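Take a look at the structure below.
Residue numbers (our numbering), protein chains in the order written: chain A, 1 to 278; chain B, 1001 to 1526.
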């Protein structure tokens, strides 16, 4: 490990620490929450996440206040004399029933969201995703387009043991690929996912999609992206030594641009596929 | 029987044999309890060293120290050692020492079995550690041992599986012993519902162990035959099902989570009343809550598998059943709080660790509620949020429970008071560093960092650096525990039989240190 690198990181660390203490939220490095994402599903999941979070916060404030009150008010050093009660049926019923009601209130929106996410009807196109140690293959079903997606060469060089290259110099260290998956915006896309060797998981936080790629199984799911853009994720299921080095990158194009892109691929698909296969 | 044997037995009645043979041949519950606890403490540092390798590598992005395969071996072995080698033996050690003394029994019901169930452990542990030096390295598939990945392990696979078998045999024998002891050797008047909560939680834990360790043994045996005897239980190419293993593993794995935490609940339920100088609130409802948690633990396992592609009905069922666990767990937290309510609190080291447990385990419970929500779990699953969640329930949860128990009963075991000042320093260092280590992991997980990766995108760098600083601080703080324990064993202020003025229970009626044999005549329980 180079001393420069260490120094650099320490400096970034200090700068960031100072920045955060001063209340400067500008740096993405201090992101503390789940992304809202760019699909209706991801926004719903984000809302659900925040709902449970605030429910937990409210319960925490009540419970922790009671605990802290005990620690302050009932100190032996302040001459507190212990009471002798050891149960109260009423209290016990109350704090069993209230959590039941809270849980029911949370289960309803959770179940609704689950049902909505599960609905794979009326999809407009299908993409087959196959996990390999350690890359993804994307196949546009019925379109005769298929290619592999590997970790970008520059990240691959930097991530070698003691490479001496500073990861901070890269734009999307470990989150960039040679060929991203390209999909159209505003389209309900069904994905079929499987694996050729061990179990992988395809995760794009901005879509709130995480699905296991399992050999011998074909799982399905869907997403519909509202905003064109480039979205990044990673393999989420431990799949061997390069598990951390098989990112997912999805480029979402406006529909017309996508149609043009697809037509371009259909001409040179076989060539492209042969060129990138490792 | 020869005269010599008779003489030896007679001699044993007055005290332990001398030298190393005392420890190898012992059938005394206190000696065996000590062996378990010392073994667990040693494994805490072995497993802890592995976690420091992980945190050193994750201190900054890029690979500085280890290659990814060795990193995976470290995550795998860290978990296996901490679960099977550290926390489970630690609680069996507490059970050995305290269960007979708490129910007024002279010893465990099956002393030879007791000796054997301990002495399997060092061999099983050594076997497991030795896999790191084998061709192809140790298992690198995560402690969950998912096929097909685990079948890519080198020569280590059969050794690791055999070691899991041995650890399981040891746990099952220990559990049988605990159940038989509790069921048959309680002092007259010690009815089931009069038993201290620590005994209750262990009784339930022991049943859980007997129910699920054979399931794990079956699962890993099927891995073994898949790997070496041409079967295809879990190999799709031969008509098998990789997900079947996950169902088997988590049918074991989820009750295992409660096997780890229930004895800690028991210890906390002893410590909080003592230092609140007030009886445990809702003793019976605590017992029922523990039993409910144990029952529910059998029907929630697939919440570890929300992303495998279960049918909608399955996802709904496992989400709802998992949410139910919050109810009995809530009852426990509320009862502990009510125990302190209008008590007379003092803050000796065991109480400090119990209070940290109460606050931080509850935080782990909240994140547990969050990961139970299946749609949100699509984001949390296999991210650092999950790592933060289960470390909150395992470290300031189970481990702090064990440390609270150690400080609580150390004067009873050694006859000396430990150094209270050092104990408090140990507490504050542990409590601060444990949060520094694990709290930032919630953030990187939510922001999208997957677990079990040796290197990460640069936006996760700052929180990871903080987490690594915390981990080293926490790790080295634990050396203080070793120092305090050794100091306490060697000497110190004499402890009275009662030790803590608010303590209740049979273990406080015998002198400190507890004589080699206690309750040869059963005490009468009112």
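Built from N, CA and C at the ideal position, the CB exists for glycine as well.
Note that the structure is predicted; figures quoted are calculated from it, not measured.
Minimum C-alpha distance to residue i - residue among the options
i                       : options                           : result
residue 1314 of chain B : B:1302, B:1264, B:1023 and B:1241 : B:1302
residue 206 of chain A  : B:1134, B:1206, B:1131 and B:1379 : B:1379
residue 203 of chain A  : B:1213, B:1377, B:1176 and B:1117 : B:1377
residue 1384 of chain B : A:261, A:249 and A:234            : A:234
residue 1307 of chain B : A:88, A:217, A:80 and A:95        : A:217
residue 1373 of chain B : B:1322, B:1245 and B:1328         : B:1322
residue 1505 of chain B : B:1074, B:1017, B:1099 and B:1087 : B:1099
residue 1114 of chain B : B:1151, B:1388 and B:1023         : B:1023
residue 1305 of chain B : A:214, A:117, A:167 and A:124     : A:214
residue 133 of chain A  : A:255, A:261 and A:238            : A:238
residue 1057 of chain B : B:1513, B:1468, B:1090 and B:1510 : B:1468
residue 1062 of chain B : B:1491, B:1484, B:1470 and B:1459 : B:1459
residue 1500 of chain B : B:1185, B:1415, B:1027 and B:1526 : B:1415
residue 1357 of chain B : B:1432, B:1300 and B:1248         : B:1432
residue 1122 of chain B : B:1032, B:1472 and B:1235         : B:1032
residue 1171 of chain B : B:1128, B:1092, B:1185 and B:1162 : B:1092
residue 175 of chain A  : A:79, A:147 and A:251             : A:251
residue 1521 of chain B : B:1186, B:1232 and B:1046         : B:1186
residue 197 of chain A  : B:1388, B:1148 and B:1128         : B:1148
Span of the beta strand (DSSP E), counted from its first residue to its last, around residue i
i                       : result
residue 1297 of chain B : Note, residue 1297 of chain B: premise wrong, no beta strand (DSSP E); not H, not E.
residue 235 of chain A  : 229-235
residue 251 of chain A  : 248-253
residue 1180 of chain B : Element bounds for residue 1180 of chain B: not the beta strand (DSSP E) but the alpha helix (DSSP H), 1156-1184.
residue 147 of chain A  : 145-149
residue 1112 of chain B : Careful: residue 1112 of chain B lies outside any beta strand (DSSP E), inside the alpha helix (DSSP H) at 1111-1130.
residue 132 of chain A  : 125-132
residue 289 of chain A  : The requested residue 289 of chain A is not part of the displayed model; chain A covers only 1 to 278.
residue 213 of chain A  : 209-213
Whole-Å CB distance - residue i paired with residue j, under 8 Å assumed
i                       : j                       : result
residue 103 of chain A  : residue 1326 of chain B : 6 Å
residue 1446 of chain B : residue 246 of chain A  : Incorrect: roughly 22 Å between the Cβ atoms, too far for contact.
residue 152 of chain A  : residue 177 of chain A  : 6 Å
residue 1274 of chain B : residue 67 of chain A   : So it is not a contact: roughly 17 Å between Cβ atoms.
residue 1106 of chain B : residue 1519 of chain B : 5 Å
residue 1265 of chain B : residue 1221 of chain B : About 32 Å separates the two Cβ atoms, so there is no contact after all.
Alpha helix (DSSP H) segment containing residue i, residue limits
i                       : result
residue 991 of chain B  : Residue coverage of chain B in this structure runs from 1001 to 1526, which leaves residue 991 of chain B outside it and unanswerable.
residue 201 of chain A  : Counting along the chain, residue 201 of chain A falls outside any alpha helix (DSSP H), though it belongs to the beta strand (DSSP E) covering 200-204.
residue 1365 of chain B : 1349-1372
residue 79 of chain A   : That residue, residue 79 of chain A, is in no alpha helix (DSSP H); it is neither H nor E in DSSP.
residue 1214 of chain B : 1197-1228
residue 1424 of chain B : 1420-1446
residue 1073 of chain B : 1068-1080
residue 1253 of chain B : 1242-1276
residue 1412 of chain B : 1400-1414
residue 992 of chain B  : The structure shown does not extend to residue 992 of chain B, since chain B spans only 1001 to 1526, so no value can be given for it.
residue 1520 of chain B : Taken as a continuous stretch (DSSP letters only), residue 1520 of chain B belongs to no alpha helix (DSSP H), as it is neither H nor E.
residue 1089 of chain B : 1088-1103
residue 219 of chain A  : Premise fails: residue 219 of chain A lies in the beta strand (DSSP E), 219-223, not in any alpha helix (DSSP H).
What are the residues in the stretch 1274-1299 of chain B lying within 8 Å of chain A by C-beta distance?
The stretch 1274-1299 of chain B vs chain A, Cβ under 8 Å: 1276, 1277, 1278, 1279, 1280, 1281, 1282, 1283, 1284 and 1285.
Below 8 Å, how does it come out for the stretch 1405-1416 of chain B and the stretch 1436-1445 of chain B: are there three or more Cβ pairs, yes or no?
Using a Cβ-Cβ distance cut-off of 8 Å, the stretch 1405-1416 of chain B and the stretch 1436-1445 of chain B are not in contact, since fewer than three pairs of beta carbons, one from each stretch, lie closer than that value.
At a Cβ cut of 9 Å, what residues of the stretch 1448-1472 of chain B count as close to chain A, listed as they run along the chain?
Hits within the stretch, in order: 1448, 1449, 1450, 1451, 1452, 1453, 1454, 1455, 1456, 1457, 1458, 1459, 1460, 1461, 1462, 1463, 1465 and 1466.
Are there three or more Cβ pairs, one per stretch, closer than 8 Å when the stretch 1221-1239 of chain B is compared with the stretch 35-55 of chain A?
Verdict: no, contact absent.
If the cut-off is 7 Å on Cβ atoms, which residues from the stretch 56-75 of chain A count as contacting chain B, listed in chain order?
For the stretch 56-75 of chain A, which is checked against every Cβ of chain B, the residues closer than 7 Å are 56, 60, 63, 64, 66, 67, 70, 71, 74 and 75.
Is there contact here, the stretch 64-81 of chain A with the stretch 1329-1346 of chain B, by at least three beta-carbon pairs under 8 Å?
The answer is yes - the stretch 1329-1346 of chain B touches the stretch 64-81 of chain A, with three or more Cβ pairs under 8 Å.
Tell me which residues of the stretch 1075-1099 of chain B have at least one Cβ-Cβ distance to chain A shorter than 7 Å, keeping chain order.
The residues in question: there are none.
Interface positions of the stretch 1146-1159 of chain B facing chain A (Cβ-Cβ less than 7 Å), listed along the chain
Within the stretch 1146-1159 of chain B, the residues whose Cβ lies closer than 7 Å to any Cβ of chain A are, in chain order, 1146, 1148, 1149 and 1152.
At a Cβ cut of 9 Å, what residues of the stretch 216-243 of chain A count as close to chain B, listed as they run along the chain?
Taking 9 Å as the Cβ-Cβ cut-off, the stretch 216-243 of chain A approaches chain B at 216, 217, 218, 219, 220, 221, 232, 233, 234, 235, 236, 237, 238, 239, 240, 241, 242 and 243, given in chain order.
If you measure beta-carbon to beta-carbon, which residues of the stretch 1332-1343 of chain B are closer than 9 Å to chain A?
So the close ones are 1333, 1334, 1335, 1336, 1337, 1338, 1339, 1340, 1341, 1342 and 1343.
Three or more C-beta pairs below 8 Å linking the stretch 1412-1428 of chain B and the stretch 1359-1375 of chain B:
No: fewer than three Cβ pairs fall under 8 Å.
Assess, as a yes-or-no matter, whether the stretch 1131-1142 of chain B is touched by the stretch 1153-1167 of chain B under the definition of 3 or more beta carbon pairs within less than 8 Å.
Yes, the stretch 1153-1167 of chain B is in contact with the stretch 1131-1142 of chain B.
Would the stretch 158-174 of chain A and the stretch 130-145 of chain A be scored as touching if the rule is three or more Cβ pairs under 8 Å?
Under the Cβ criterion (8 Å, minimum of three pairs), the stretch 158-174 of chain A does not count as touching the stretch 130-145 of chain A.
Taking 8 Å as the threshold, find out whether the stretch 1248-1264 of chain B comes into contact with the stretch 1196-1213 of chain B through three or more Cβ pairs.
Flag = yes, the stretch 1248-1264 of chain B and the stretch 1196-1213 of chain B touch.
Counting Cβ pairs closer than 8 Å, one from the stretch 1189-1201 of chain B and one from the stretch 1271-1291 of chain B, do we hit at least three?
Yes, the stretch 1189-1201 of chain B is in contact with the stretch 1271-1291 of chain B.
Is the stretch 177-187 of chain A in contact with the stretch 252-266 of chain A, if contact means three or more CB pairs nearer than 8 Å?
Three or more beta-carbon pairs drawn from the stretch 177-187 of chain A and the stretch 252-266 of chain A are found closer than 8 Å, and the two stretches are therefore classed as touching.
According to a CB-to-CB cut-off of less than 9 Å, which residues of the stretch 1380-1392 of chain B neighbour chain A?
Answer set for the stretch 1380-1392 of chain B: 1380, 1381, 1382, 1383 and 1385.
According to a CB-to-CB cut-off of less than 7 Å, which residues of the stretch 1242-1260 of chain B neighbour chain A?
Within the stretch 1242-1260 of chain B, the residues whose Cβ lies closer than 7 Å to some Cβ of chain A are 1242 and 1243, listed in chain order.
Contact list for the stretch 1358-1370 of chain B against chain A, Cβ threshold 7 Å
Across the stretch 1358-1370 of chain B, CB contacts with chain A closer than 7 Å involve 1358, 1359, 1362, 1366, 1369 and 1370, in sequence order along the chain.
Could you list the residues in the stretch 1306-1327 of chain B with a C-beta less than 7 Å from some C-beta on chain A, going in chain order?
Of all residues in the stretch 1306-1327 of chain B, the ones placed with a Cβ closer than 7 Å to any Cβ belonging to chain A are 1307, 1308, 1309, 1312, 1315, 1316, 1319, 1320, 1323, 1326 and 1327, in chain order.
Could you name the residues of the stretch 1127-1139 of chain B whose beta carbon sits closer than 8 Å to any beta carbon of chain A, in the order they occur along the chain?
So nothing in the stretch comes that close.
Near-chain B residues of the stretch 199-217 of chain A (beta-carbon distance less than 8 Å), N- to C-terminal order
Within the stretch 199-217 of chain A, contact with chain B at the beta-carbon level (separation under 8 Å) is assigned to 199, 201, 203, 205, 208, 209, 210, 211, 212, 214, 215, 216 and 217.
Compile a chain-ordered list of the residues in the stretch 135-169 of chain A whose CB is closer than 8 Å to at least one CB of chain B.
For the stretch 135-169 of chain A, the set of positions with a beta-carbon nearer than 8 Å to some beta-carbon of chain B reads 158, 159, 160, 161, 162, 163, 165, 166, 167 and 168 in chain order.
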